[in-house]
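Numbering follows the UniProt record's numbering, in which position 281 of the sequence shown is assigned residue number 281; successive positions increment by one, without gaps. The block underneath contains the structure these notes are about, expressed in structure tokens.
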Amino acid sequence: MFRKIVSLTTLWSFIGMTFTGIILFIVPEGRVAYWADLHIIGLTKDQWGDLHTTISALFMISGLLHTYLNWNAIVLYFKSKAKKIVIFTPSFTISTIIFLIFIVGTYYKVSPFKDLLVLSDKVKESWREKVGTPPYPHAELSKLNDLCKKEGLDINVVVQILKDNNVQFSSPDEKFLDISRKNKLSPSSLWDLIESKYDEYEDKIEGANNATSEKMVSENQPTGLGKMKLSEFSKKYKISIDDAIITLKKEGFNPKEDMTLKEIAEQKQVVPMDLYDLLLKNKKK
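Written as structure tokens, this is what we have:
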């Protein structure tokens with residue numbers, strides 16, 4: 001019974017170790033796997049790695065027990081026809097050579113071992129082309145605010161992109177990985193969304209800000225200055241008419257109370273707004 005359990009456990013652990021090894025052969029390197037939040041059959045790269053480690057340990061233990069239970073049979077492999085122990089039997093020599101060929105061939109990267117390694121690199125490269133690479137290692141673990149800061153992105157623009165595209169998040173201090181998982185996206189997909197729309201939104205927001213600034217300037221800027229007489233201007237802005245005339249004369253103008261600001265401004269080829277700035281600047285408190 002025990003012998004059967006050991007043999008079957010060895011078989012199962014061999015199958016499990018082989019399967020997890022194949023998975024690890026095709027998954028991309030860590031930074032790409034984490035950036036893509038990659039899951040294969042529901043497990044992450046780290047979880048597959050953990051499985052491979054524990055199943056390999058089981059295979060090692062069951063293999064040792066299997067060797068112990070079958071030691072007499074193994075010893076027979078080293079016996080000659082004369083029933084004497086001979087280490088370098090033809091079978092042992094051939095198996096050792098095969099083992100060494102794999103070690104040396106892999107070390108010096110000769111075919112077909114090199115071809116197998118190249119295939120692995122190509123598979124991993126295809127992952128990089130498909131999901132991209134993170135801006136920096138473990139970028140997915142950064143807070144949204146920190147990620148934008150490191151990449152030189154305006155957090156206000158990024159927040160607007162996320163809101164307009166119905167991406168749910170609590171605040172810019174939330175981890176990028178948590179935001180992506182909350183919205184059933186990979187970090188790479190969410191980052192692609194931000195990058196693809198950033199320039200468009202940056203121009204849009206910058207244009208809106210400029211328009212707002214211009215509107216504020218326009219609202220604060222007085223109107224009808226050109227038609228306003230100097231006496232009317234002085235009364236409206238609470239400036240002594242005598243002080244206004246003195247200020248203008250100091251600048252080379254020849255003003256009169258009943259002259260409009262436009263008429264006075266034309267004396268030196270300036271605009272009424274220039275007189276507005278000049279008089280308010282020199283207004284006595």
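We treat Cβ as the ideally placed atom computed from N, Cα and C, and that holds for glycine.
Taking one beta carbon from each stretch, the region 18-25 and the region 48-61 have 3 or more pairs nearer than 8 Å; the two touch. The closest CA to that of VAL270, considering only LEU248, LYS281 and LYS84, is found on LEU248. For SER62, the enclosing alpha helix (DSSP H) covers residues 45-69.
In this structure, ILE155 lies away from PHE169, with their beta-carbon atoms at least 8 Å apart. In the same chain as ILE74, and ignoring 5 residues on each side of it, the C-beta atoms closer than 7 Å to its own belong to THR67, in chain order. Taking 8 Å as the cut-off, the Cβ atoms of GLN160 and ILE205 count as close. One alpha carbon belongs to TRP48, the other to ASP37, and they sit about 14 Å apart. Counting along the chain, no alpha helix (DSSP H) covers LEU141, and no H or E run does either.
In the structure shown, the three-state DSSP call for LYS204 is helix. Cβ atoms of SER188 and VAL131 come within 8 Å of each other, at about 5 Å. THR133 and GLU151 have their C-alpha atoms some 14 Å from each other. When only Cα atoms are considered, SER196 and THR44 end up about 27 Å apart. Assignment of beta-bridge partners to LYS175 by DSSP yields LYS143.
If you look at PRO28, you'll find it isn't in any alpha helix (DSSP H); DSSP assigns it neither H nor E.
Contact annotation, LYS262 with LYS227: C-beta distance approximately 7 Å; criterion of less than 8 Å satisfied. The DSSP-derived three-state label of THR93 is helix. With 16 or more other CB atoms across the displayed protein chains lying within 10 angstroms of its CB, LEU190 is buried. In the DSSP annotation of this structure, the continuous segment of the alpha helix (DSSP H) that includes TYR276 starts and ends at 272-281. Between the alpha carbons of TYR108 and VAL157 lies a gap of roughly 52 Å.
Taking the Cα of PHE14 as reference, the smallest distance to any Cα among ILE41, ILE5, GLY63 and PRO28 is reached at GLY63.
With fewer than 16 other beta carbons inside 10 angstroms of its own, LEU116 counts as exposed.
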